[in-house]
Amino acid sequence: MKFCGHCSAPVSLVIPQGDNRHRYVCDKCDFIFYENPRIIAGTIPVFGSKVLLCKRAIEPR
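In structure tokens, the structure reads:
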């Protein structure tokens, strides 16, 4: 990857602050490009006027 898809500026391969892996970061707008991003979804189940909650059986890694 050589250029930012948002602003067309050059990108650099650096470790962003708070991260532990090399990522392509735009030199101009600081957009971080993640390789192989995961798609997630969430729901809020409702029964009548109550919100239903559940407890995880296994903690996330």
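Residue numbers (our numbering): 1060 to 1120. C-beta atoms are modelled at their ideal positions from N, C-alpha and C, and glycine is treated no differently.
Val1110 and Lys1087 have their C-alpha atoms roughly 44 angstroms apart. In the structure shown, Ile1074 adopts coil according to DSSP, grouped into three states. At the C-beta level, Ser1071 and Val1084 come within 9 angstroms of one another.
Here Arg1120 carries a coil assignment [DSSP, helix/strand/coil]. When Leu1112, Ser1108, Ile1091, Glu1118 are compared, the shortest CA-CA separation from Gly1077 is found for Ile1091.
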